[in-house]
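These notes are about the structure you will find just below.
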Amino acid sequence: MKMMKALVKSKAEEGLWMEERPMPQIGPDDVLIKINKTGICGTDVHIWNWDEWSRKTVPVGLITGHEFAGEIVELGRNVDDLIIGQRCSGEGHLIGKHSRQSRSGKFHLDPETKGIGVNVNGAFAEYLALPAFNVVPLPDAIPDEIGAILDPLGNAVHTALSFDLIGEDVLITGAGPIGIMAAAVAKHAGARHVVITDVNQARLDLAAQVTDVTPVNVTTTDLGEVSKSLGLKQGFDVGMEMSGNAAGFDQMVEAMVMGGRVAMLGIPPGKTLVDWSRIVFKALTIKGVYGREIFETWYKMIAMLEDGLDISRVITHRLPVDDFEQGFATMKSGTSGKIVLDWT
Ligand SMILES: NC(=O)c1ccc[n+]([C@@H]2O[C@H](COP(=O)([O-])OP(=O)(O)OC[C@H]3O[C@@H](n4cnc5c(N)ncnc54)[C@H](O)[C@@H]3O)[C@@H](O)[C@H]2O)c1
Ligand SMILES: [Zn+2]
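Sequential numbering of the sequence shown, starting at 1, is according to this note's numbering.
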């Protein structure tokens with residue numbers, strides 16, 4: 001049996017372990033992808049930490065990871081629209097084909113979805129078996145390290161394009177990698193002012209390096225004052241909640257215009273206190289955002305990248321995969337942007 005290196009949740013305790021695992025076998029509708037680069041996601045850190053969510057969700061023995069770029073090295077016998085050697089990334093949500101949502105083409109709303117690196121074996125390995133349906137070929141203009149972060153860029157694009165942005169004033173709460181990429185997308189898509197908040201100055205400094213935003217540290221600066229100084233008459237037209245923090249959302253509600261629209265990607269750790277009466281009296285629209293639209297988000301983000309959207313500076317660390325422990329420690333420090341691991 002041919003073996004490969006893989007980063008595995010092999011014990012029900014904190015950590016991930018590099019192990020030898022059998023190469024995955026592909027089915028007739030799958031392809032085998034040789035992994036070149038992978039991104040570390042906040043989800044992977046949850047799995048590393050073995051928190052309550054991951055204990056309930058992740059089977060022990062799972063190969064982790066869902067952000068990847070690589071190249072196709074084997075085709076299942078039914079696959080006739082891809083070629084060996086094709087560079088690719090891919091959608092890590094494996095959808096079912098039975099639900100009403102799937103059958104009407106809204107694949108991203110399928111309730112039977114399983115995630116690679118969360119429910120089934122993932123991409124932190126030398127090889128990944130993936131349904132050909134999930135493969136997204138990479139144009140030459142998109143290098144592997146950007147290919148490896150299309151999954152979180154897709155979260156940013158899905159959220160940012162939820163509402164019309166042209167000429168709008170946008171507030172993003174949370175300058176994590178996804179918030180920062182969403183700010184770049186909002187500017188690219190024609191927003192007027194984009195303000196991004198955080199409580200972590202390092203993250204705000206990074207945001208300002210990546211794109212043309214107004215960073216606001218809410219521990220020292222009043223958001224209302226910033227809004228006034230930019231000449232906003234009532235507040236922000238479009239909000240993107242990307243902190244997963246109840247205080248962040250509360251500040252967003254306060255800072256929005258009457259009739260404003262809010263897209264929520266951030267995942268609060270549990271039930272949180274929300275002042276619903278203010279949301280009602282402001283007549284706000286709130287949209288929950290999960291994953292990426294399959295595959296509309298992928299088409300849009302690749303088109304924007306080919307058309308000058310530059311998010312490369314959000315990658316702050318590039319490491320050989322054998323230094324994964326350092327990568328996870330850096331992620332946990334909260335000062336990094338995206339961290340990309342090299343498997344070649
Ligand atoms: N819905 C989905 O499909 C989906 C997918 C990926 C990530 N997420 C969620 O999206 C969010 C963003 O992801 P990320 O990887 O960039 O996360 P991250 O944890 O790296 O970033 C969150 C940022 O919010 C900041 N923050 C904390 N309190 C704040 C406050 N009161 N005001 C403003 N900022 C505050 C933190 O300092 C941090 O920099 C997370 O909540 C993540 O769980 C959701
Ligand atoms: Zn991710």
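Every residue gets a Cβ at the ideal spot worked out from N, C-alpha and C, and that includes glycine.
Any chance the stretch 288 to 300 sits against the stretch 155 to 163, with 3 or more Cβ pairs inside 8 Å?
The stretch 288 to 300, when compared against the stretch 155 to 163, does touch it at the 8 Å Cβ threshold.
Less than 8 Å separating the beta-carbons of Gly117 and His66?
Taking the sequence shown and counting its residues from 1, one reaches residue 117 at position 117. Taking the sequence shown and counting its residues from 1, one reaches residue 66 at position 66. For Gly117 and His66, yes; Cβs fall inside 8 Å.
Please state whether DSSP places Gly70 in a helix, a strand or coil.
Mapped onto the sequence shown, residue 70 falls at position 70. In this structure, Gly70 counts as strand in the three-state DSSP scheme.
Can you give the beta carbon distance from Ile33 to Glu71, rounded, assuming they're within the 8 Å contact cut?
Position 33 of the sequence shown, counting from 1, holds the residue named residue 33. Position 71 of the sequence shown, counting from 1, holds the residue named residue 71. About 7 Å; that satisfies the 8 Å criterion.
Hey, quick one: how far does the alpha helix (DSSP H) through Asn49 stretch, first residue to last?
Counting from 1 along the sequence shown, the entry for residue 49 is found at position 49. Its alpha helix (DSSP H) spans residues 42 to 49.
Please name the residue, chosen from Met4, Met240, Arg192, Lys228, that lies closest to Glu125 on a Cα-to-Cα basis.
For the purposes of this step, residue 125 is identified with residue 125 of the sequence shown, where counting begins at 1. Sequence inspection shows Ala at residue 125; the Glu mentioned does not correspond to that position. Ranking the options by Cα distance to Ala125, first place goes to Met4.
Considering only heavy atoms of ligand 1, list every residue whose Cβ is less than 6 Å from one of them, following chain order.
The set, ordered by position in the chain, is Gly42, Asn155, Thr173, Gly174, Ala175, Gly176, Pro177, Ile178, Gly179, Thr197, Asp198, Val199, Asn200, Arg203, Val218, Met242, Ser243, Gly244, Asn245, Ala247, Gly248, Leu265, Gly266, Ile267, Val289, Tyr290, Gly291.
Considering only residues of the stretch 142 to 212, which uninterrupted beta strand (DSSP E) runs meet the minimum length of 3 residues and lie entirely inside it, listed in chain order?
Qualifying beta strand (DSSP E) stretches, in chain order: 170 to 173, 194 to 198.
Give a yes or no on contact between the stretch 269 to 285 and the stretch 297 to 308, applying the rule of three or more CB pairs nearer than 8 Å.
Verdict: no, contact absent.
Please determine, among Ile95, Thr64, Leu341, Asp250, the residue with the shortest C-alpha to C-alpha distance to Leu109.
As a first step, residue 109 is located in the sequence shown; it is residue number 109 there, counting from the start. The residue with the shortest Cα to Cα distance from Leu109 is Ile95.
Could you say which of Gly15, Gly147, Gly105 lies nearest to Ile311 if we only look at CA atoms?
Here residue 311 is taken as the residue at index 311 of the sequence shown, counted from 1. Residue Gly147 is the option with its Cα nearest to Ile311.
In the DSSP assignment, the alpha helix (DSSP H) including Ala247 goes from what residue to what residue?
Sequence index remark: in the sequence shown, residue 247 carries index 247 (1-based). Looking at the DSSP string, the run of the alpha helix (DSSP H) that includes Ala247 is 246 to 255.
Between His93 and ligand 2, is the CB less than 7 Å from at least one heavy atom?
Numbered from 1 along the sequence shown, position 93 holds the residue referred to as residue 93. Outside the cutoff, so no.
Is it true that the CB of Glu241 sits closer than 8 Å to the CB of Met256?
Taking the sequence shown and counting its residues from 1, one reaches residue 256 at position 256. Taking the sequence shown and counting its residues from 1, one reaches residue 241 at position 241. The answer is no: Cβ separation not under 8 Å.
How many Å lie between Asp275 and Ala283 at the Cα?
Position 275 of the sequence shown, counted from the first residue, corresponds to residue 275. Position 283 of the sequence shown, counted from the first residue, corresponds to residue 283. In a straight line, the C-alpha of Asp275 is about 13 Å away from that of Ala283.
I'd like the span of the alpha helix (DSSP H) that includes Tyr299, first residue to last.
Counted from its first residue, the sequence shown places residue 299 at position 299. Residues 296 to 306.
Verify the contact flag: His158, CB atom, against every heavy atom of ligand 2, threshold strictly below 7 Å.
The count along the sequence shown starts at 1 and reaches residue 158 at position 158. Because no heavy atom of ligand 2 lies under 7 Å away, the Cβ of His158 does not count as near it: no.
When the Cβ atoms of the stretch 36 to 46 are set against those of the stretch 328 to 344, are three or more pairs found closer than 8 Å?
Counting Cβ pairs under 8 Å, three or more are found: they touch.
Report the rounded CA-to-CA distance for Glu74 versus Pro269, giving the unit in angstroms.
Looking up residue 74 in the sequence shown gives position 74. Looking up residue 269 in the sequence shown gives position 269. C-alpha separation (whole angstroms): 40 Å.
Give a single yes or no on whether His66 has its beta carbon closer than 7 Å to a heavy atom of ligand 2.
In the sequence shown, the residue the question calls residue 66 occupies position 66. Because some heavy atom of ligand 2 lies under 7 Å away, the Cβ of His66 counts as near it: yes.
Along the chain, which unbroken stretches of the beta strand (DSSP E) at least 3 residues long are found entirely within the stretch 308 to 334?
Listed in chain order, the complete beta strand (DSSP E) runs (minimum 3 residues) inside the stretch 308 to 334 are 315 to 320.
Output the distance between the C-alpha atoms of Glu306 and Glu13, rounded to the nearest integer angstrom.
Counted from its first residue, the sequence shown places residue 306 at position 306. Counted from its first residue, the sequence shown places residue 13 at position 13. If you take the alpha carbons of Glu306 and Glu13, they lie about 42 Å apart.
Hey, would you say Ile178 sits closer than 8 Å to Ala207, going by beta carbons?
For this step, residue 178 is matched to residue 178 along the sequence shown. For this step, residue 207 is matched to residue 207 along the sequence shown. No, Cβ-Cβ distance for Ile178 and Ala207 is not below 8 Å.
Any chance the CB of Asp151 is under 7 Å from a heavy atom of ligand 2?
Within the sequence shown, residue 151 is the residue found at index 151, counting from 1. Answer for Asp151: yes, Cβ within range of ligand 2.
Bridge partners of Asn217, per DSSP?
Counting from one through the sequence shown, the residue named residue 217 turns up at place 217. Asn217 pairs with Asp198.
Determine contact between the stretch 162 to 170 and the stretch 180 to 191, defined as no fewer than three beta-carbon pairs at a distance below 8 Å.
At 8 Å Cβ cutoff, the stretches touch.
DSSP beta-bridge partners for Ile339?
If you number the sequence shown from 1, residue 339 lands on position 339. In the DSSP output, where bridge partners are listed per residue, Ile339 has His317.
Quickly, what does DSSP pair Ala123 with across the bridge? List them, please.
Mapped onto the sequence shown, residue 123 falls at position 123. Paired residues: none, contrary to the question.
Ends of the alpha helix (DSSP H) at Lys56?
Translated into positions along the sequence shown, residue 56 becomes position 56. Here the alpha helix (DSSP H) through Lys56 covers 52 to 57.
Counting Cβ pairs, one atom from each stretch, are 3 or more of them under 8 Å apart for the stretch 205 to 222 and the stretch 313 to 326?
The stretch 205 to 222 is in contact with the stretch 313 to 326.
In chain order, what residues of the same chain have a beta carbon less than 6 Å from the beta carbon of Leu2, not counting five sequence neighbours either side?
Along the sequence shown, read from residue 1 onward, the residue named residue 2 stands at position 2. Checking the sequence, you will find Lys at residue 2 rather than Leu. Closer than 6 Å at the Cβ level, and outside the excluded window around Lys2, lie Met23.
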